[in-house]
Structure formats: structure tokens, C-alpha cells
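Q: Protein chains in written order, with my numbering: chain A, 1 to 221; chain B, 1001 to 1221.
Can you read through this structure? Questions will come right after.
2 protein chains.
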Amino acid sequence: MKVYGSGEARVEALAGVDVVIERGQFVMVMGSSGSGKSTCMNILGCLDTPTEGEYRFAGVDVASLDRTQLALLRRNYLGFVFQSFNLLPRTSALENVELPLVYQRVSARKRRDRALEALREVGLADRAEHTPAQLSGGQQQRVAIARALVSRPAILFADEPTGNLDTERSQEIMHLLTTLNRERAITIVMVTHEAELAVAASRVLIFRDGRIIADGPPQQV
Amino acid sequence: MKVYGSGEARVEALAGVDVVIERGQFVMVMGSSGSGKSTCMNILGCLDTPTEGEYRFAGVDVASLDRTQLALLRRNYLGFVFQSFNLLPRTSALENVELPLVYQRVSARKRRDRALEALREVGLADRAEHTPAQLSGGQQQRVAIARALVSRPAILFADEPTGNLDTERSQEIMHLLTTLNRERAITIVMVTHEAELAVAASRVLIFRDGRIIADGPPQQV
Ligand SMILES: Nc1ncnc2c1ncn2[C@@H]1O[C@H](COP(=O)(O)OP(=O)(O)OP(=O)(O)O)[C@@H](O)[C@H]1O
Ligand SMILES: Nc1ncnc2c1ncn2[C@@H]1O[C@H](COP(=O)(O)OP(=O)(O)OP(=O)(O)O)[C@@H](O)[C@H]1O
Ligand SMILES: [Mg+2]
Ligand SMILES: [Mg+2]
Chain A
1 MKVYGSGEAR VEALAGVDVV IERGQFVMVM GSSGSGKSTC MNILGCLDTP
51 TEGEYRFAGV DVASLDRTQL ALLRRNYLGF VFQSFNLLPR TSALENVELP
101 LVYQRVSARK RRDRALEALR EVGLADRAEH TPAQLSGGQQ QRVAIARALV
151 SRPAILFADE PTGNLDTERS QEIMHLLTTL NRERAITIVM VTHEAELAVA
201 ASRVLIFRDG RIIADGPPQQ V
Chain B
1001 MKVYGSGEAR VEALAGVDVV IERGQFVMVM GSSGSGKSTC MNILGCLDTP
1051 TEGEYRFAGV DVASLDRTQL ALLRRNYLGF VFQSFNLLPR TSALENVELP
1101 LVYQRVSARK RRDRALEALR EVGLADRAEH TPAQLSGGQQ QRVAIARALV
1151 SRPAILFADE PTGNLDTERS QEIMHLLTTL NRERAITIVM VTHEAELAVA
1201 ASRVLIFRDG RIIADGPPQQ V
């Protein structure tokens, strides 16, 4: 349950959501614009808290954790691709991708190698020195994906990660994600509005007006 | 022709583009990430200039216009939906949509009515007072579309205007755009990566590595 504002301005972004995500699942989240997908992702990713209700991460009630413990939890276990990328503006693609490794105190040399490898995986090794303003929309989106994956998170939350990518690039990213899910057991929760991508997932959640109205395998849903 | 940087950092964003866009056309622009679509749109929209070559708008060489004349040209004839929306952050949706009418010195009352009507057309009349931070990704995108259309431009440049919208909302926006094109003869140049939207256009341009490699009706291309 997530409510913003009050009185006339009251908005129920989430009106009642009950969901359990299991380790190793690839969950696709779909639904109309404004239906609560990003709000739900932010709560699952420990970036926001519900107005009512509780959220347990690996059996731990996250409301019982203080800010430092939450930051450590996110840093060590979670990767996030935001709907609006959230890259550091005057910083190169390489430095943007290195950032999670800086927080994890990885050595400068290892950071650079792993960040370059992550950029290579999204086809941007030749744009390592460009700042976001010197990159196309789809390139910025791919830098955000590389940054989310470089720390090898246990769970990846990806909010519309292919929204700015042509079909070929989208397929490359989907191939990368399904491989990571299958070979490294990375749990993936991904928002998309493109039905043809949903078949890559084992499970689809459909949101409407702040509720989940369907939950099952892609073919059924 | 559009080149950034030099030496090792040299990037040919546009390597040689020759295109003529006729009044009343609905042109769909497609192509891989980083192929030059947004760069081309910025030049056509008089927001940027080519490194080499010329651009004539209604017979006028835009290089012969000074900054004030260019600003007037854009204000009076052009509408732009940016790939990253570019909304004013601490300003309500209504005020964001009113902005082009402020520049055109429309009265406060008319501005408000027309801005509310534009928000209604994109399904956001009930979000008029929300700031961008209080809107979902797809809602921000629709505010950007409303803002681009409120001044009734002769030409609309829309860079991935449905990238964050579910299928139903995308169809609504496409219906709105095709109606404006047909009934008000608004010329539309739209970037998309979704092939199923291309059939709404009379002409498709496909970019690759800074060049147009295909140009024709949707079925052929
Ligand atoms: N300021 C800049 N400096 C250097 N290179 C740039 C700059 N701006 C854009 N580029 C490069 O120019 C190329 C074309 O960019 P453009 O934004 O036109 O691509 P696009 O077709 O719109 O891509 P997308 O579909 O990802 O939005 C890209 O390879 C990009 O890295
Ligand atoms: N800070 C806020 N204050 C008020 N309302 C908000 C705020 N943030 C989000 N909302 C509202 O909550 C609802 C759900 O937003 P959310 O971002 O979760 O939608 P979404 O499903 O991700 O949509 P989209 O597909 O457009 O990205 C929207 O109607 C939005 O207007
Ligand atoms: Mg969202
Ligand atoms: Mg672009």
C-alpha cells in the first residue's frame, strides 16, 4: 500500500499489493502507465517504504533496518536500472559504471577491468570516455544497464531497460539478461511495455490502478 | 554531416544525410541505437547546426538566420518531444504545458484552457497540479507530448514519444498524432524503435552509422 498526498491530492499509487519473489526467478512486470510498477519496484529495491504493509527481504523485515544497514543491503545485493537512467552528468561512462565498485572498495585496477568488461557486454567499449551528454539516448540506457550489472548483484531491478533501444539491441540485452539469470542465478524483476519481451520471463505480473490483476507464466497471462 | 570531437575522439554522428521532408507528411525515423536519429532531428528542428552541408526550412537557409530569428522560427512553427522529456522540474504539469503559450504571449485565461485541453488529450487532466517528480515515467512523457502540441505547431518532431508507454496508451497517442496529421495537416517526424507503429506513417527513414540506408513507404521498407 503506497499513498501520496491527502484529501483532493491523495493518490493511491499502490492500492494493495501482495507478492512473493523467489530466488532465481525472471519476473516481467507490465501494466498501463501510472499503474504502480515503478512504485512497487522502488519498494522491492529498498529505495522506498510502503505507507502500510511490510516488506521482507530474505526473511528480514526491512522496516527493522536503519539507513546504514539498508544502504549496505542495496550495495551488496541489488542492482538497479532506473526508468530515467540517473547517470552522473559530468562523469564518463566508464566512471559511471565503476561507481558501485568504488562503494564496494574494489581496487582501481580491478574496477577498471570489470567496468570495461561490463561496457563491452552492452556494446559500448568504444564510448568509455564519453559523458552522458555525448551519448545517444539508447547508449545512456545501456550505460545504466552496465552499471547495474558490474557489481554482480543477487537481484537486478530493471525499469524499462530497453525503452530506448532498437529491436536488435533489445534482443542483445534480453539475451544478456536471460544468460545471467540462467548461468549465475541472478533474480531479475523487469518492467517492460513490450509484450514480445515477456516470453523471456518465467512469470508475468500485470498491474492496474495500483494492484496486481494477473500473475502467471507468459503464455497464460 | 555532423562531427563531434577530433583525432581519436572523432565521432561522425551523421556521415552524409540528404533528405527532403514535405508539408503534411508523417515520417517515421528508425534505426539502431547511436545511428544518428536524434542528431538529425535536432538539425531539422533548428536546435543544432551541421558541421558541413546546409539546411533549408521552407526555402530559407537556416544558417542565414541569427539566434533571435531562429528562436522565433521554432516558437511559431515547431513542436518538440525530446527523448529525455526536458520538463521543468519544480513546475506543475499544467505550467509546463503552458510554457510555449507564455512565449507566444497568449492571455493567462486562454493559456490555462488550452493547456488543460492538451492534458485531456493525453489522458492527464487529473494530474495537472503534479510536478514531474510526482508523475510516473509514462505520465512525464505524455506531459512532454501535450507541451509540444499545445502551440499547434506546423511541424512536430517527436523523439521516441511512446518509449515509456504501454501498448494501449501508445495506440492512443498514435491515434492522436495521425488525427492531427490528417485533419490539421501537421507535419510529423517521429523516431521510434517499434516497427508496429511505423504503419501509421506515410514514409519510413532507416538510419545506420550516420546515414539513411532506406527511404520509402512502410510496407516496402
Ligand atoms: N556531444 C557528443 N560528443 C560526441 N559524440 C556524440 C555527442 N552526441 C552524440 N554523439 C554520438 O553520436 C552518435 C549519434 O547519436 P544520436 O543521439 O543521434 O543517436 P540515436 O540514433 O538517436 O540513438 P538512440 O536510438 O540510442 O537514441 C552516437 O554514437 C553518439 O555517441
Ligand atoms: N510523489 C508523488 N506524488 C503523487 N503522486 C505520485 C508520486 N509519485 C508517483 N505518483 C503517482 O503514482 C502512480 C503510480 O506511479 P508509478 O511511477 O509507479 O507508475 P508506473 O506504473 O511506473 O507508470 P509508467 O509505466 O508510466 O512508468 C501514478 O499515477 C503517479 O502519478
Ligand atoms: Mg514507471
Ligand atoms: Mg536518440
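Glycine included, C-beta positions come from ideal geometry on N, C-alpha and C.
1) Taking the beta carbon of I996(B) as the centre, do at least 16 other beta carbons fall within 10 Å, making it buried, or is it exposed?
2) Does the beta carbon of Q1083(B) fall short of 8 angstroms from some heavy atom of ligand 2?
3) What do you get for R67(A), buried or exposed, if any count of 16 or more other CB atoms within 10 angstroms of its CB means buried?
4) Give the C-beta separation of D159(A) and S38(A) to the nearest angstrom, bearing in mind that I take them to be a contact with Cβ-Cβ under 8 angstroms.
5) If you compare alpha carbons, which of F85(A), V17(A) and E8(A) is closest to R211(A)?
6) Kindly list, in the order they appear in chain B, the residues whose Cβ is closer than 7 angstroms to that of H193(A).
7) Which first and last residues belong to the alpha helix (DSSP H) in which T91(A) is found?
8) Out of curiosity, what's the CA-to-CA distance linking R147(A) and R23(A)?
9) Since E1012(B) meets chain A, which of its residues come closer than 8 angstroms, beta carbon to beta carbon?
10) If you draw a straight line from the C-alpha of N1042(B) to the C-alpha of D1048(B), how long is it?
11) Which residues, taken in chain order from the segment 1030-1050 of chain B, show a beta carbon closer than 9 angstroms to some beta carbon of chain A?
12) Which of helix, strand or coil does DSSP assign to A1123(B)?
13) Output the boundary residues of the alpha helix (DSSP H) element that contains M1174(B).
14) What does DSSP give as the partner residue(s) for D1061(B) in the beta ladder?
15) At a Cβ threshold of 9 angstroms, is G137(A) touching chain B?
16) Anyone know if the C-beta pair for S1092(B) and H1130(B) falls short of 9 angstroms?
17) What residues match up with Y1077(B) in a beta bridge as DSSP calls it?
18) Check this for me: beta carbons of F1157(B) and F1080(B), under 9 angstroms apart or not?
19) Could you work out which residues of chain B lie near E117(A), taking near to mean beta carbons separated by less than 8 angstroms?
20) Compute the minimum distance between the beta carbon of G210(A) and the heavy atoms of ligand 3, and state whether it is under 8 angstroms.
21) Compute the minimum distance between the beta carbon of E1012(B) and the heavy atoms of ligand 4, and state whether it is under 8 angstroms.
22) Which chain B residues sit within Cβ distance under 7 angstroms of E83(A)?
23) Distance cutoff 9 angstroms, beta carbons only. Does Q1134(B) sit that close to anything in chain A?
24) For V1199(B), collect the residues of the same chain with a Cβ closer than 7 angstroms to its Cβ; drop the 5 residues on either side in sequence, then sort them by chain order.
A: Looking at the coordinates:
1) Outside the shown range of chain B (1001 to 1221) lies residue 996(B), about which nothing can therefore be said.
2) Answer for Q1083(B): no, Cβ out of range of ligand 2.
3) Around the beta-carbon of R67(A), fewer than 16 other beta-carbon atoms lie within 10 Å, marking it exposed.
4) Contact between D159(A) and S38(A) holds: their C-beta atoms lie close to 6 angstroms from each other, under 8 angstroms.
5) If we check each option's Cα against that of R211(A), V17(A) comes out closest.
6) Those within 7 angstroms of H193(A) in chain B are L1165, D1166 and T1167.
7) Per DSSP, T91(A) belongs to no alpha helix (DSSP H) and is neither H nor E.
8) Taking the straight line joining both Cα atoms gives about 22 angstroms.
9) Under the 8 angstroms cutoff, chain A gives no residues; its nearest Cβ is about 13 angstroms from E1012(B).
10) Taking the straight line joining both Cα atoms gives about 5 angstroms.
11) Cβ contacts with chain A: M1030, G1031, S1032, S1033, G1034, S1035, G1036, K1037, S1038 and T1039.
12) The sequence given here places Gly at residue 1123(B); Ala does not occur at that position. When secondary structure is reduced to three states using DSSP, G1123(B) falls in the coil class, being assigned neither helix nor strand.
13) Start and end: T1167 to R1184.
14) Answer by DSSP bridge pairing, in chain order: R1056(B).
15) Output row for G137(A): interface = yes.
16) Yes; because the gap between Cβ atoms is below 9 angstroms, this pair is in contact.
17) Note: Y1077(B) sits in no beta bridge, so no partner.
18) Yes, the pair counts as a contact, with Cβ atoms nearer than the cut-off.
19) For E117(A), none of the residues of chain B pass the 8 angstroms Cβ criterion, the least Cβ distance being about 20 angstroms.
20) No, the beta carbon of G210(A) sits no closer than 8 angstroms to any heavy atom of ligand 3.
21) Answer for E1012(B): no, Cβ out of range of ligand 4.
22) One point to set straight first is that residue 83(A) is Gln, not Glu, in the sequence displayed. Going along chain B in sequence order, the residues near Q83(A) (Cβ under 7 angstroms) are G1137 and N1164.
23) Answer yes: the Cβ-Cβ gap between Q1134(B) and chain A drops below 9 angstroms somewhere.
24) Excluding residues within five positions, the ones whose Cβ falls inside 7 angstroms are P1218.
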